[in-house]
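Participant:
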Amino acid sequence: MNILALTLNQLVRIFETDYGKGRFHARALYREIFKHGNTVPFKAPEFAVSGALARSLEQALVLAPGKVVDIFEEGDLTKFITRLSDGRKIESVIVPMNRYNTLCVSTQVGCRMGCTFCETGRMGLKRHLAVHEITGQLFNARYTLKKPVKNIVFMGMGEPLDNFEFVMAAVHIMNEQQGFDIALRHMTLSTAGLVPGIEKLAKQNLPGIRLAVSINAPDNETRSRLMPVNRAWPLETLKTALSRFPLPHKGTFLFEYILIKGVNDSPAHAEQLAAFIHPLPVRLNLIPCNPVPGLGFESPSDEQMNQFSQHLVKQGIFVIRRWSKGRSVSAGCGQLGRSR
Ligand code: SF4
Numbered sequence: 001m002n003i004l005a006l007t008l009n010q011l012v013r014i015f016e017t018d019y020g021k022g023r024f025h026a027r028a029l030y031r032e033i034f035k036h037g038n039t040v041p042f043k044a045p046e047f048a049v050s051g052a053l054a055r056s057l058e059q060a061l062v063l064a065p066g067k068v069v070d071i072f073e074e075g076d077l078t079k080f081i082t083r084l085s086d087g088r089k090i091e092s093v094i095v096p097m098n099r100y101n102t103l104c105v106s107t108q109v110g111c112r113m114g115c116t117f118c119e120t121g122r123m124g125l126k127r128h129l130a131v132h133e134i135t136g137q138l139f140n141a142r143y144t145l146k147k148p149v150k151n152i153v154f155m156g157m158g159e160p161l162d163n164f165e166f167v168m169a170a171v172h173i174m175n176e177q178q179g180f181d182i183a184l185r186h187m188t189l190s191t192a193g194l195v196p197g198i199e200k201l202a203k204q205n206l207p208g209i210r211l212a213v214s215i216n217a218p219d220n221e222t223r224s225r226l227m228p229v230n231r232a233w234p235l236e237t238l239k240t241a242l243s244r245f246p247l248p249h250k251g252t253f254l255f256e257y258i259l260i261k262g263v264n265d266s267p268a269h270a271e272q273l274a275a276f277i278h279p280l281p282v283r284l285n286l287i288p289c290n291p292v293p294g295l296g297f298e299s300p301s302d303e304q305m306n307q308f309s310q311h312l313v314k315q316g317i318f319v320i321r322r323w324s325k326g327r328s329v330s331a332g333c334g335q336l337g338r339s340r
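UniProt numbering applies: residue 1 is where the sequence shown begins, and numbers increase by one.
1. Based on DSSP bridge pairs, tell me the residues matched to TYR257.
2. Would a C-beta distance cut-off of 8 angstroms place THR222 and ASN264 closer than the cut-off?
3. Could you give the distance in angstroms between the alpha-carbon of LYS239 and the alpha-carbon of PRO288?
4. Which word fits TYR100, buried or exposed, when buried means at least 16 other C-beta atoms lie within 10 angstroms of its C-beta?
5. My output table needs one value for HIS36: the three-state DSSP class, helix, strand or coil.
6. Considering only their Cβ atoms, is the gap separating MET157 from THR102 smaller than 8 angstroms?
7. Quick one: does the C-beta of SER92 sit closer than 7 angstroms to a heavy atom of the ligand SF4?
8. List in chain order: all unbroken alpha helix (DSSP H) runs of 4+ residues lying wholly within the region 184-210.
9. Can you list the beta strand (DSSP E) stretches of 3 or more residues lying completely in the region 83-168, in chain order?
10. Using 10 angstroms around the beta-carbon of ASP162, count the other beta-carbons present and answer buried if the total reaches 16, otherwise exposed.
11. The ligand SF4 and GLU16: does the residue's C-beta get closer than 7 angstroms to at least one heavy atom of that ligand?
12. Select from SER224, PHE80 and THR191 the residue whose C-alpha is nearest the C-alpha of GLY66.
13. Could you check whether the Cβ of MET157 sits closer than 7 angstroms to any heavy atom belonging to the ligand SF4?
14. Spatial neighbours of ARG31 within its chain, please: CB distance less than 8 angstroms, with the 5 preceding and 5 following residues excluded, ordered by chain position.
15. Given the structure, does SER299 come close to the ligand SF4, in the sense that its CB is under 7 angstroms from one of the ligand's heavy atoms?
16. Go ahead and pull the three-state DSSP assignment for GLU298.
17. Indicate whether ALA28 and GLU16 have their beta-carbon atoms separated by less than 8 angstroms.
18. Please find out if some non-hydrogen atom of the ligand SF4 comes closer than 7 angstroms to the beta-carbon of SER214.
19. Could you work out which residue in VAL95, ASN140, ALA212 and SER266 is closest to GLY251 when comparing CA atoms only?
20. With burial defined as no fewer than 16 other Cβ atoms inside 10 Å of the residue's Cβ, what is the status of GLU298: buried or exposed?
21. Within a Cβ cutoff of 6 angstroms, which residues of the same chain sit near residue 377, ignoring the five residues on either side of it in sequence?
22. Taking the beta carbon of ALA60 as the centre, do at least 16 other beta carbons fall within 10 Å, making it buried, or is it exposed?
23. So what's LYS67 in DSSP terms, helix, strand or just coil?
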């Protein structure tokens, strides 16, 4: 019984079929583990007069979030490395935002999207993460590192929509009110533009979940060079999929644009980007490139960031400028994967 891979209803069904018990005991176990991070949950009062049940559950229970083997800090940002049961390592980042933390989770070991500016892309895909390995990152952030996490962004190692079923299962578990209780509107799924995944996501009943899209270039030639996924699903196809995506009332997409010196940072790129965005409702995150040794890309200057941003603002685009946090611990955008 791999508990971190179960919603409460799934656990109730196991209790009913395997143990002849129901919601009362299942809820107690779920609460102890997911709400309190209690690794000895059978001391809860609900099990006080059910010693035999507690003993057989104890045998069956698997609580395997992975072992946190390294922690790096830069200011109030924390990157932690988890070793999985097969010895592979993944990275997660905790970013303080206003009153609570945002946890950036990984969904794969490596990634097959091959974005040329990205360290994880350079690894290639080693394997998908299992459901409990995705939710285990939240368990470890909250209960091993004791960070109050209220927001989840699926922007760590991997392309979340390439591991669709397991990521959806993790979303439901993280959203479970009797457990982790992360609201859907506090979750963001990020994609490099995997159109079939966007179309599948559009059919899920996940009201309020945010979709972020890495754009990074406004023309197919540059984008295909930076992001090979664009060869299969070019910008026009991506835009059509987004225009059909069921956004909530007043909802917006989050577009991410990593500004790379001399590659996608000219005034003409800004004009084209604004034209691509219209009329989609978009908030654009403008992020300076985090140089990864050996990949040959450079950061723009502050001045270039300002100019690019101003061009977009003049065209009516809502721009958020992000100063890449976590560079010194390789926790910035595109830098995850060096601890393997
Ligand atoms: S940027 Fe994202 S999608 Fe692209 S290679 Fe890196 S992890 Fe994969």
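Beta carbons are placed, not taken as given, at the ideal position from N, Cα and C, and that holds for glycine.
Facilitator: Checking against the coordinates, here is how it stands:
1. DSSP, once it has assigned bridges, lists LEU286 as partnering TYR257.
2. yes
3. 24 angstroms
4. exposed
5. coil
6. no
7. Not under cutoff, so the answer is no.
8. 195-202
9. 89-97, 100-104, 108-110, 125-128 and 149-154
10. The residue in question, ASP162, is buried, as its Cβ has 16 or more Cβ neighbours within 10 Å.
11. no
12. PHE80
13. For the ligand SF4, at least one heavy atom lies less than 7 angstroms from the Cβ of MET157.
14. ALA44, GLN178 and GLY179
15. Not one heavy atom of the ligand SF4 lies closer than 7 angstroms to the C-beta of SER299.
16. coil
17. ALA28 is not a Cβ neighbour of GLU16, given a cutoff of 8 angstroms.
18. yes
19. ALA212
20. exposed
21. As shown, the chain starts at 1 and ends at 340. That puts residue 377 outside it, with no answer to give.
22. So ALA60 ends up on the exposed side.
23. The answer is strand: DSSP assigns LYS67 an E or B state.
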